[in-house]
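One structure below.
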Amino acid sequence: MCLTLVITLYYSSAFSETGYRLWMRYDRIENNKQLEQYRSQLQTINFQGHSITAQVAKKEISSAFNGLLGTEPKVTLSSSASLLIGTPENSPQIKSLITPKELLNLSDGYLVKTFHNKGQQQIVIAGLTEKGVLYGVFHLIRLMKTQQSLSALTIREIPSIKNRVLNHWDNLDGTVERGYAGTSLWEWHKLPGFTQTRYTDYARANASVGINGTVLNNVNANALSLTKPYLLKAAALANVFRPYGIKVYLSARFSSPIEIGGLKTADPLDPEVKRWWSMKVKEIYAYIPDFGGFLVKANSEGQPGPQNYGRSHADGANMLADALAPFDGIVMWRAFVYDDKVPDDRAKQAYNEFKPLDGKFRANVLVQVKNGAVDFQPREPFHPLFGAMPATPLMMEFQLTQEYLGFSTHLAYLGTLFKETLAADTYAKGKGSTVADVVTGKLDQHQLTGIAGVANIGSDVNWCGHPFAQSNWYSFGRMAWNPGLSATAVADEWIRMTFTNDINAIATIKEMMMGSRETIVNYMTPLGLHHIMARNHHYGPGPWVKDAGRADWTSVYYHKADAVGIGFDRTATGSNAIAQYSPDAAREFADLANIPDKYLLWFHHVKWSDKLRSGNTLWDELVSHYYLGVRDVAKMQSQWKAMAGKIDEDRFKEVAELLEIQHEEAKWWRDACVLYFQSFSGLPIPASYEKPAHDLAYYENLRFYFVPGIKN
C-alpha cells in the first residue's frame, strides 16, 4: 500500500464522526472570545480527594480542559486557585468558603459557585460526597460545552429521585429484546477477564447525566444470571461502574430456586425458599458489596411468580425484600401484569391487582409502573396507579428504546413524552398533584424513590442506532435528576453538546426535535388510538390484526372500529377504566366537551360523523392527522438539508438517509391505516390529499423476516 493511501486512510478514520462520543465531545471551543474567557478564568486548579471517584473526576476534568481549551490548568494546593474542587472534609479551603446552610441535605448533590475577592474570581465545585463532586464536575463541563458564562454562578443541585436506573433488556446470548442498536453491550463470553473501554465510557455517559444504577439483564430473566459464573461477570462490570457512582442490579427469575437451586417449589412463603434466597443474596453481596438489588417481572406474559402458588405480588416482593434488607438492597417489582385470563379491559389490570396491595409492601420495595396503562404506546394518558397508592412508593418506568416509535430509523425525541407524563395532574390530593410529585415522593412523603428507563443502547458504534436516539438517553438522565426541567431546555443542551453551538442550527434542530414525537403520533396513532402495530415484531402498521390467540393481543380489541365509529369506550358505559382515576381527572377524561383530542379515542367510541372542536368530523380529523404526520416528516427533511455545512458530513448524511426511510415508512403507516379505517367508515379521503400508493390488501399481505428486537 502506498504511503499516500496510508496517510489518507489514517486521516479519514481519525476525523470521521461516528457518534461514539455521544454528548461528551471535548473538541476545541470554536468561539475564540469564549475560549479566551474560559482560559483566563480557569488557569489553576486545586482538586482535593483521593478516592476512586475523585480520581475519575480528576481524569474527566483534565480530559475536558485539554480538549475544550487546548490547555490544562496548573495543579496547585493554593487556596487562591481559580478552580477549587472537593468536599469540606478533604478541603479546608472549601470548608471556609461554603456555609453549613448551603451543604444542608445536599446528599449526592453539589454546589457550583463563583466567588470574587479583591478582583480575583474563583469557582468552587463542592459536594458532601465524592459522587456529588463528580456530578458537579460534569455540570461545569456542561456549562462550558454549552458556552455559558462562569462569572456569576450560584448553582445548588440535589437529585429529586434517589434511584435513577437504566433497565437493559439484554439476554445472555447477546440478543436484546426490543433492541434496535445492535447486540448486547455486555460481552458475557469475555467477562470477567476482559472489561472493554466501552464499559468505562458507558459509565462516564451515565454519570454525566446523573444515572446511578443499571439493571444488566432482561426482565424476562434467565435464572443462570444468578449462578456464580454470571455473578462474577456482573461483579467485573460493577467494578468498572463503581467509581462513577453506578450500582449494578439484576433481574431475578422468580422460579430460580427450582431452576438453579434444586428445590421443588418457589412459593415465597415456603421456609426453604426464603432460606435459598437469603443465601443467594448473601453470595451476591460477597461478589458485589454495593449490589443494588433485584428487578422482578412476575406473573406476566408467562413469567413465573407468586400467583403460581396462590400468593400475592406483595408476598413475592416482600420475600425478596427481606433477603436484601440486611444489605440495604431494594426490590423493584414491576406492575406490568397480565395473565392467561383476558380482562374486560387490559388497561385496568395493573390497577386491579396492585391497588388492593397498597401499604402491604416492605419498606425497601418500589412498585415499578409504566408511564401508561397499556404498553409504552406513542401516546398514553398517565397510568391510573400514579396517585392511587399513597402508602407505596411508585417507580416510573419509561421506554427509551423505540419499540412503538419507529425503532432506530425514526427521529423521535422523547423528552416531550417524559415531560407530558411527569407534568400530568393526578388530582390525587387536589389540583397540582402531578405524576412527578408521586415519583419524587413529594406527594406522599416517601424517602425511597426511583425512575427507570428501558435502555436503547447496544453494540452499534454510535450506541443507540439513530444519532438522535442518543437524546433520549440524555434527556431521561437529566429529567430523572430533575423532573422540573423542560423538554426544550434539555434539547437545547443536548444539541449544543452533541452537534453545534451555532444559534441558527440550534433553533432548527430544536424545532425538529420538539415536534418529532407528535409527528410520529400523527402518522401512527392519532387522537388516542393505540396498539395498532403489526403483531409480534411490532414493525409497521397492523390495525387489522385479529385472531392472535387472545383478544388483548390484537389491534381490533383496542380500536374497536365499526360502521358507526371508532375508539375504546372506557367511560361508565364501557369498561369504566376511567373510574380508576381520581374523580377530577376522571371527569375531565369522561367529558367529550373537555377531554383533550389527544386522548379522545383512548376513552371514547366516537361516531365517524361527530364534529370535533376543530369543526371537522371525526373521519376528516383522523385523516388530516395521518397526512399531517407525513408532511411534517418531509418538513424535517427540508430542515435537515439546511444543516449541510453546519453539521459534520458523517452524521449529516446518516440522519438525511434515515429521514428518507422515515418518510417512506410514515406514508406506509398513513396509507395502511387510512385505507383500513375507511373500510369501516365508508367515507372518502378528501380530494385534496394524495391517494394511497396501493390498495388495502397490499398492506395487509406484507410480511417481514428477521426484524430486529425479537428472537427469530
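Following the numbering used here, the numbering of the sequence shown begins with 160 at its first residue and continues without gaps.
All C-beta atoms, glycine included, are put in the ideal place defined by N, C-alpha and C.
The DSSP-derived three-state label of tryptophan 778 is helix. Closest in C-alpha terms to proline 543, from the list Ile654, Met491, Glu512, Ala571, comes Glu512. Taking 9 Å as the cut-off, the Cβ atoms of leucine 242 and isoleucine 204 count as close. By the Cβ test, the stretch 227-241 is in contact with the stretch 184-204, since at least three Cβ pairs between them sit closer than 8 Å.
Between the stretch 542-557 and the stretch 739-755, the count of Cβ pairs shorter than 8 Å is three or higher; the stretches touch.
In this chain, the alpha helix (DSSP H) harbouring glycine 674 covers 662-683. Within a 10 Å sphere around the beta-carbon of glutamine 629 sit 16 or more other beta-carbons, which makes this residue buried.
Of the candidates Val792, Ile665, Lys812, Gln527, Val792 places its Cα closest to the Cα of glutamate 677. A direct Cα-to-Cα measurement between alanine 749 and phenylalanine 762 gives close to 7 Å. Remark: C-beta atoms of asparagine 379 and leucine 331 do not approach each other more closely than 9 Å.
Distance from the Cα of methionine 795 is smallest, within the candidate group Ile754, Lys766, Pro427, Ile679, for Ile679. Going by beta carbons, serine 319 and proline 552 fall outside the 9 Å limit.
With respect to the C-alpha of arginine 198, the residue from Arg323, Gln280, Ala395, Gln798 having the closest C-alpha is Gln280.
Segment contact: the stretch 271-290 against the stretch 326-345, fewer than three CB-CB distances shorter than 8 Å; contact not assigned. Separation of alanine 506 and leucine 760 (C-alpha to C-alpha, rounded to the nearest whole angstrom) is 14 Å. When only Cα atoms are considered, asparagine 775 and glycine 699 end up about 27 Å apart.
Non-local C-beta neighbours of glycine 531 in its own chain, meaning closer than 6 Å and more than five positions away in sequence, comprise Glu539, His542, ordered along the chain. Exclusion of the five residues before and after proline 351 leaves Leu391, Lys392, Ala394, Ala395 as the residues of its chain whose Cβ lies within less than 8 Å of its Cβ. In this chain, the alpha helix (DSSP H) harbouring alanine 745 covers 742-749.
The three-state secondary structure of glutamate 556, taken from DSSP, is strand. The shortest C-alpha to C-alpha distance from aspartate 534 to any of Tyr717, Lys439, Gly708, Gln252 is the one to Tyr717.
Counting only residues of its own chain and dropping the five nearest sequence neighbours on each side, valine 455 has a CB closer than 6 Å to the CB of Ala411, Trp492. The beta-carbon separation of isoleucine 691 and serine 714, rounded to 4 Å, stays under the 8 Å limit for a contact. Counting along the chain, tryptophan 436 sits inside no beta strand (DSSP E); it lies in the alpha helix (DSSP H) bounded by residues 430-446. Residues Asp504, Ala506, Lys507, Arg729 of the same chain have their beta carbon placed closer than 7 Å to that of alanine 736, with the five preceding and five following residues left out of the count. The DSSP-derived three-state label of serine 415 is helix. Ranked by how close their Cα comes to the Cα of arginine 790, the residues Gln821, Val814, His696, Pro755 have Gln821 in first place. The alpha-carbon of methionine 438 is positioned some 26 Å away from that of histidine 348. Counting along the chain, valine 368 sits inside no beta strand (DSSP E), nor does DSSP assign it H or E at all. Put simply, the backbone Cα of histidine 625 is about 5 Å away from that of serine 567.
Burial of lysine 321 is indicated by the presence of at least 16 other C-beta atoms within 10 angstroms of its C-beta. Remark: C-beta atoms of isoleucine 188 and leucine 194 approach each other more closely than 9 Å. DSSP places phenylalanine 513 within a helical segment (H, G or I) once states are collapsed to three.
Counting C-beta atoms within 10 angstroms of its own C-beta, alanine 509 has 16 or more neighbours from the protein chains shown and is therefore classed as buried. Across the structure, lysine 217 and serine 175 are spaced so that their CA atoms are roughly 28 Å apart.
Unbroken beta strand (DSSP E) runs of no fewer than 3 residues, entirely contained in the stretch 309-381, are found at 313-316, 322-326, 372-374, following chain order.
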